[in-house]
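Count the sequence shown with numbering that gives the first Met the number 0 and you get residues 0 to 452, in order. Just so you know, even glycine gets a beta-carbon here, dropped at the ideal spot from N, CA and C. A short worksheet on the structure shown next.
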Amino acid sequence: MIVELKFGTTSHQLNHFKARAIVGRDDEGSELWAADGQISRRHAEVWLDGDTLYIRDLGSANGTWVNGQALGAVAVAIEPGHTVFVGHTPLGVEWPARGVQARTNTAPITAALAATMAARAQQQQAAVPAQPAYAYAPAQGLTPAQQAYAQQQQAYAQQQQAYAQQQQAYAQQQQAHTQQQPIADSPAAFAAAQAAAAAGVGVAATVGVGGAATPMPAELTYRRQGGNNNGTLLIALPGDTFANESTLDGFLEYTATDSETVASVIIELIEVHQRGHKSGHVWDRCLVRQGPWKTKKNDVLPMPFRLRVPSGTSASSPVCHWQLRAYVDIKWARDIEATAPITMRNTDIEKMRDALGTLDYRIAELEAEPLGQKYRGKFNPPMHLRQKLNITDINLDIEYMGTNVKVMMEVEKSKLFSFDKRQEFTFALDRLRAASVQDLAQHWQTEINKLMS
Numbered sequence: 000m001i002v003e004l005k006f007g008t009t010s011h012q013l014n015h016f017k018a019r020a021i022v023g024r025d026d027e028g029s030e031l032w033a034a035d036g037q038i039s040r041r042h043a044e045v046w047l048d049g050d051t052l053y054i055r056d057l058g059s060a061n062g063t064w065v066n067g068q069a070l071g072a073v074a075v076a077i078e079p080g081h082t083v084f085v086g087h088t089p090l091g092v093e094w095p096a097r098g099v100q101a102r103t104n105t106a107p108i109t110a111a112l113a114a115t116m117a118a119r120a121q122q123q124q125a126a127v128p129a130q131p132a133y134a135y136a137p138a139q140g141l142t143p144a145q146q147a148y149a150q151q152q153q154a155y156a157q158q159q160q161a162y163a164q165q166q167q168a169y170a171q172q173q174q175a176h177t178q179q180q181p182i183a184d185s186p187a188a189f190a191a192a193q194a195a196a197a198a199g200v201g202v203a204a205t206v207g208v209g210g211a212a213t214p215m216p217a218e219l220t221y222r223r224q225g226g227n228n229n230g231t232l233l234i235a236l237p238g239d240t241f242a243n244e245s246t247l248d249g250f251l252e253y254t255a256t257d258s259e260t261v262a263s264v265i266i267e268l269i270e271v272h273q274r275g276h277k278s279g280h281v282w283d284r285c286l287v288r289q290g291p292w293k294t295k296k297n298d299v300l301p302m303p304f305r306l307r308v309p310s311g312t313s314a315s316s317p318v319c320h321w322q323l324r325a326y327v328d329i330k331w332a333r334d335i336e337a338t339a340p341i342t343m344r345n346t347d348i349e350k351m352r353d354a355l356g357t358l359d360y361r362i363a364e365l366e367a368e369p370l371g372q373k374y375r376g377k378f379n380p381p382m383h384l385r386q387k388l389n390i391t392d393i394n395l396d397i398e399y400m401g402t403n404v405k406v407m408m409e410v411e412k413s414k415l416f417s418f419d420k421r422q423e424f425t426f427a428l429d430r431l432r433a434a435s436v437q438d439l440a441q442h443w444q445t446e447i448n449k450l451m452s
């Protein structure tokens, strides 16, 4: 799962390996920052838990707002279509794997919300206890020793008054907490815990009380099925296009047309490359249900599943195809199989392609090796540089190496060079994914200039 965050002029990417980000005014201690006096140094925290994005306020002066509601220390989930403000600055969120429309609303702040923020700030200022109107009058005509003693007495009185105010505030908090919290193990406590879990707040939500709500097959629009005399197996997905470093959430629905004993139900994520194994390579496998169990005719069994897409996958192309393959293993009878072709993207390769495109360098071909992890191809300089340098193609190799990706450019010997010339550099994957296309293009231009020098 990859989530793109945009705040002011900065952007950041969250994934399962780097799942947290601080939003604030401090450009050194925050992943997302803006030089705005309305924003605290450490204003809010955003993090990814599974496929759900959460945000909470870190005690800021002007608050963190989701759909017009002020947040506190309790986390709230962010969904596509929500409006999120950190102070007066909108926080943009995009979910690339969910499609173009999967993003938050980044419209400027409305007058009504600005008024609500101002009213809340005034309430917070009014809640600060006022300083006492009385104090010890400065003693007149006293000796230095007497003046020092009077100052000590005044400081002691101020400490006592501050301590009394703290005790009073603590007593009020305890009283409010006692009134709000029902007695443990009572029906009211159980109902409160259930309501908190449903609202996505509190400890119940943190530990996942109630389980996760998943869509039914009828709500998933991309469907494929297979079957035989023993039954029918349906694969249901939210779409047919996915990206590297994402998850595939879907449903299997098994309909029995005979009474049989089922041993297990399995689904696999498979890459079939023209130069790879003819049966394809299994990248991930999910045991959807472990048997054995006895089915009856016309039984319908819906089963959710989740598959993980690896980081450096091969993108779909004329020589590389992706599919989901599901099986119902039936004892002493013919198994049921269903296959769903899907399209796989590699967003890292697409980002590098777009960066080269902004410089008017065009990737002519870029083909993935079997099992991904490495791409080989060529890109072309702009037409005026082709004539000037007498170079039509630049060889390009891109290879994933753990948390890094290595890029190699090579110019074969020509009138410009009497030997092959090579330029290599390495990106950190997390930084590459967080960087803007403009910054990436600037680095490509620097490396190309070194290659051509």
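A residue is called buried once 16 or more other Cβ atoms fall within 10 Å of its Cβ, and serine 39 is buried on that count.
With a beta-carbon spacing of about 6 Å, glutamate 270 and serine 313 fall inside the 8 Å limit used to define contacts. Here aspartate 298 carries a coil assignment [DSSP, helix/strand/coil]. For the pair of segments examined, the segment 38-53 was found to touch the segment 7-27: the number of CB pairs separated by less than 8 Å reaches three.
Minimum Cα-Cα distance from leucine 428 among the listed residues Gly230, Glu244, Asn104, Tyr53 corresponds to Glu244. Following the DSSP letters along the chain, one finds arginine 97 in no alpha helix (DSSP H), marked with neither H nor E. At the C-beta level, asparagine 66 and threonine 82 come within 7 Å of one another. Under DSSP, threonine 260 shares a beta bridge with Lys293. The bridge partners DSSP lists for threonine 425 are Lys405. Going by C-alpha positions, glycine 36 is about 12 Å away from serine 59.
The segment 11-91 is shown to contain no whole alpha helix (DSSP H) run of 4 or more residues. Selection Met382, Phe424, Arg385 evaluated against aspartate 396 yields Phe424 as nearest (Cα-Cα). Pairwise C-beta distances place the segment 248-262 in contact with the segment 298-313, as three or more of them are shorter than 8 Å. For histidine 320, the three-state secondary structure derived from DSSP is strand.
Inclusion of aspartate 257 and lysine 296 in the CB contact set at 7 Å is warranted, their separation being smaller than that value.
Counting C-beta pairs with one atom in each stretch, the segment 439-447 and the segment 27-36 have fewer than three that are closer than 8 Å, which means they do not touch. Between methionine 0 and aspartate 50, the C-beta gap is smaller than 7 Å, which places the two residues in contact.
Residue pairing by DSSP places asparagine 228 in no beta bridge whatsoever.
Looking at the backbone, the Cα of cysteine 319 and that of glutamine 372 are separated by about 13 Å. In the structure shown, threonine 8 falls within a coil segment according to DSSP collapsed to helix, strand and coil.
For the pair isoleucine 234 and cysteine 285, the Cα-to-Cα distance works out to about 13 Å. Nearest Cα to glutamine 273 within the set Leu112, Ser316, Pro89, Thr391: Ser316.
Excluding the 5 residues flanking it on each side, arginine 385 has same chain C-beta neighbours closer than 6 Å at Thr391, in chain order. By the 16-neighbour rule on beta-carbons within 10 angstroms, arginine 432 is buried.
Secondary structure note for asparagine 448: its alpha helix (DSSP H) is the uninterrupted segment 436-451. Sequence-distant partners of valine 287 (beyond 5 residues in either direction) whose C-beta falls short of 7 Å from its own C-beta, in its chain, are Leu251, Val264, Ile265, Ile266, Met302, Phe304. Between leucine 247 and leucine 306 the beta-carbon gap is near 4 Å, inside 8 Å, which marks them as a contact.
According to DSSP, leucine 236 shares a beta bridge with Tyr221. Of the candidates Ala120, Leu439, Gly91, Asn229, the residue whose Cα lies closest to the Cα of alanine 332 is Asn229. Per the C-alpha coordinates, the member of Gly86, Thr8, Asn104, Gly98 positioned closest to valine 92 is Asn104. Sequence-distant Cβ neighbours of histidine 87 in its own chain, meaning closer than 6 Å and more than five residues away, are Gln37, Ile108. For arginine 352, DSSP assigns no beta-bridge partner whatsoever.
Beta-bridge annotation (DSSP): aspartate 328 is paired with Ser263. By the C-beta density criterion, methionine 343 is buried, having at least 16 other C-beta atoms within 10 angstroms. Histidine 280 carries a strand assignment under DSSP once its states are collapsed to helix, strand and coil.
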